[in-house]
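Peer 1: Order-wise, the sequence lines are chains A and B. In terms of my numbering, the first sequence opens at residue 1 and continues consecutively. In terms of my numbering, the second sequence opens at residue 1001 and continues consecutively. From the three backbone atoms N, C-alpha and C, an ideal C-beta is built for every residue, glycine too.
Number of protein chains: 2
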Amino acid sequence: MKRPRRQVLERLPDVAVKRLPVYLRALSDLEAQGNDIVSSAQLAQHTGLTSEQIRKDLAMLGGFGTRGVGYRIGHLAASIREVLGLDREVPVALVGAGHLGTALARYNHGRRQQPRIVAVFDTAPHKQGERLGDNVIQSMAELAHTVRLLHVRMAIIAVPAAQAQGVAEQLAAAGCDVLLNFAPVRLELPAPVRVHNVDLAMELEALAYYVRAEEPAGGAP
Amino acid sequence: MKRPRRQVLERLPDVAVKRLPVYLRALSDLEAQGNDIVSSAQLAQHTGLTSEQIRKDLAMLGGFGTRGVGYRIGHLAASIREVLGLDREVPVALVGAGHLGTALARYNHGRRQQPRIVAVFDTAPHKQGERLGDNVIQSMAELAHTVRLLHVRMAIIAVPAAQAQGVAEQLAAAGCDVLLNFAPVRLELPAPVRVHNVDLAMELEALAYYVRAEEPAGGAP
DNA sequence: TCCTGTGAATGTGTTCACAGCA
DNA sequence: TGCTGTGAACACATTCACAGGA
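1) Which residues of chain A have a Cβ atom closer than 7 angstroms to the Cβ of lysine 1018(B), listed in chain order?
2) Can you check the segment 130-156 of chain A for any beta strand (DSSP E) of at least 3 residues that lies completely inside it and give the ranges in chain order?
3) Mind checking if threonine 123(A) is an interface residue toward chain B, Cβ cutoff 8 angstroms exclusive?
4) Can you name, in chain order, every residue of its own chain whose Cβ lies under 6 angstroms from the Cβ of alanine 224(A), other than the five neighbours on each side?
5) Going along the chain, which residues of its own chain have a beta-carbon closer than 8 angstroms to the beta-carbon of arginine 81(A), five neighbours each way excluded?
6) Arginine 194(A) and tyrosine 1209(B) - do their beta-carbons sit closer together than 8 angstroms?
7) Quick one: residues in its chain with C-beta nearer than 7 angstroms to the C-beta of valine 159(A), no 5 flanking neighbours on either side, listed in chain order?
8) Give me the residue from Val1017(B), Leu1171(B), Ser1139(B) with the minimum Cα distance to aspartate 1122(B).
9) Any Cβ of chain B within less than 8 angstroms of the Cβ of glutamine 45(A)?
10) Going along chain A, which residues have a C-beta under 7 angstroms from histidine 1126(B)?
11) Arginine 1212(B) CB to nearest chain A CB: under 8 angstroms?
12) By alpha-carbon positions, which one of Leu1076(B), Ile1054(B), Lys1056(B), Gln1053(B) ends up nearest to phenylalanine 1064(B)?
13) Classify arginine 116(A) as helix, strand or coil using the three-state DSSP reduction.
14) When DSSP labels each residue in this structure, what does histidine 75(A) get in the three-state scheme?
15) Would you mind giving the Cβ-Cβ distance between isoleucine 1073(B) and leucine 1027(B), rounded to the nearest angstrom? I have them listed as a contact below 8 angstroms.
16) In chain order, what residues of the same chain lie with their CB nearer than 8 angstroms to the CB of glycine 129(A), ignoring the 5 residues before and after it?
17) Going by DSSP, name the residue or residues bridged to arginine 194(A).
18) Are any of the Cβ atoms in chain A nearer than 8 angstroms to that of glutamate 1082(B)?
19) Comparing alpha-carbon positions, which option in Pro1125(B), Gln1165(B), Glu1089(B), Gly1098(B) lies nearest arginine 244(A)?
20) Is it right to say alanine 124(A) is buried, meaning 16 or more other beta carbons lie within 10 angstroms of its own, or is it exposed?
21) Please compile the residues from chain A whose C-beta is within a distance smaller than 9 angstroms of the C-beta of methionine 1154(B).
22) Evaluate aspartate 1199(B) with the Cβ neighbour count: other Cβ atoms within 10 Å of its Cβ, from every protein chain shown; 16 or more gives buried, anything less gives exposed.
23) Spatial neighbours of aspartate 1057(B) within its chain, please: CB distance less than 8 angstroms, with the 5 preceding and 5 following residues excluded, ordered by chain position.
24) Exposed or buried, which one is threonine 50(A) when buried takes at least 16 other CB atoms within 10 Å?
25) I need the boundaries of the alpha helix (DSSP H) containing leucine 1030(B), first residue and last residue.
26) Quick check on this structure: which residue in His1151(B), Arg1186(B), Ile1157(B) has the alpha carbon closest to the alpha carbon of threonine 1102(B)?
27) Counting only beta-carbon atoms, is proline 1004(B) nearer than 8 angstroms to chain A?
28) Between the C-alpha atoms of leucine 43(A) and isoleucine 54(A), what's the straight-line distance to the nearest angstrom?
29) Return the Cβ separation of alanine 1105(B) and cysteine 1176(B) in integer angstroms, given the expectation that the two are a contact with Cβ distance under 8 angstroms.
30) In whole angstroms, what separates the C-alpha of valine 1152(B) from that of isoleucine 37(A)?
31) Shorter than 8 angstroms from the beta carbon of tyrosine 71(A) to some beta carbon of chain B?
32) Is the beta carbon of isoleucine 117(A) closer than 8 angstroms to that of glycine 98(A)?
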């Protein structure tokens, strides 16, 4: 019943971590517009967050703004990437080359992104050997070897629900400890593995809550 | 005069709303296993949340557990669906029939789900007229008319970034006020429209943060 | 006894207000 | 002056501890 949560200081709160990529994109936009310096107020406009929130977050990363001026975009972006670990190679394995897997691979392909898909696996024999983005689809039998060889620690599970648990276990056994799971099942894995779930059906269900506003009965627009 | 008036709060906190679909799925699993009654402790096991958390949430919905016993699965699930608005038709429009859109449509197809995709749109003329799940792909020109006709208030944006803002505006103009946006851009829309973003690239970037720490095996630097 | 429901205590994140520096 | 950085106040969410009904 009790979930012990040992928070080693030095670690950012999860909510802040989720915001860092948002800053990264805003910075990239601003840089593309030719800016060199940005204030927390400008970032607020571009992200929809408050300027105080942004200053708090950025101060947590070490605080490298200049009072009275703002943040140097290039420097700030580099710092955020460093904190997130995006300044190194972050190899990702994608399991499942169906429509969702393909969409993810395309999403990732080409962009100057760092978590980069370096291996794709699928159970369907007829897909194996085909290309998907920058990768050739491999069989599940090759998963353990490839994942270990490429030092992959992060993986995306885009397989049907029935296969997800098995795939997750194979990934964990091969050394992956951060999983992004799109299958609509709760994965049971040993402690060090962190699972982040994205469940599109649940997402829609939750959103339904907000589709009932103050619409009086005779809703004639 | 005292009446056992079980009143649902006017507005549930967003965090709680996000958990309701989780309960719904756990309940559905438990029901499939032949259970009739469930305790908050059992739900905790199935969801990974704490039992206190669960009791708080369920009490917020009106509290219909039986002390010393637990919750009646069927009744509880029905209540959650009602709170989320899933006891009525919740028609959804899907814009973009690429890989992501197709994955979403498949995800939704067949399951006894309530936010149901009732219309699909795409710009590509060669796709128009094709089937996707239960729907025939329509042109963007038909969007406004169809959305209004079917009283669609919720929409999924699964188009390239460059088109997303335009699509969002068309949807909003046609009466959609809850959008689920998969395009990697921040949408600017008038106040009443609620946008929920799912950005897969950002998701990966944030997760990269958790791929550091003590290497499981012989790491490098 | 069981397990729910809930006030109280705690913890966590956000906002405020302003000090401090360019 | 302008904008960052930050302690303090606040709001919210979670956990605890136990009261209360089956």
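Peer 2: In short:
1) Ala206
2) 135-138
3) no
4) What is shown of chain A runs 1 to 221, which leaves residue 224(A) out entirely.
5) Leu24, Asp87, Gln114
6) no
7) Val95, Gly96, Val167, Ala183
8) Ser1139(B)
9) no
10) By Cβ distance, chain A contributes nothing, its closest Cβ being about 18 angstroms from histidine 1126(B), past 7 angstroms.
11) yes
12) Leu1076(B)
13) strand
14) helix
15) 5 angstroms
16) Val136, Ile137
17) Val178(A)
18) no
19) Residue 244(A) is absent from the structure shown; chain A starts at 1 and stops at 221.
20) exposed
21) Leu204, Leu207, Ala208, Tyr210, Val211
22) buried
23) Ala1016, Arg1019, Leu1020, Tyr1023
24) exposed
25) 1014-1032
26) Ile1157(B)
27) The predicted model places proline 1004(B) with a pLDDT of 34, which falls under 50 and marks its position as unreliable, so this point remains unresolved.
28) 8 angstroms
29) Not quite, the Cβ-Cβ distance comes to about 17 angstroms (not below 8 angstroms), so this is no contact.
30) 43 angstroms
31) no
32) no
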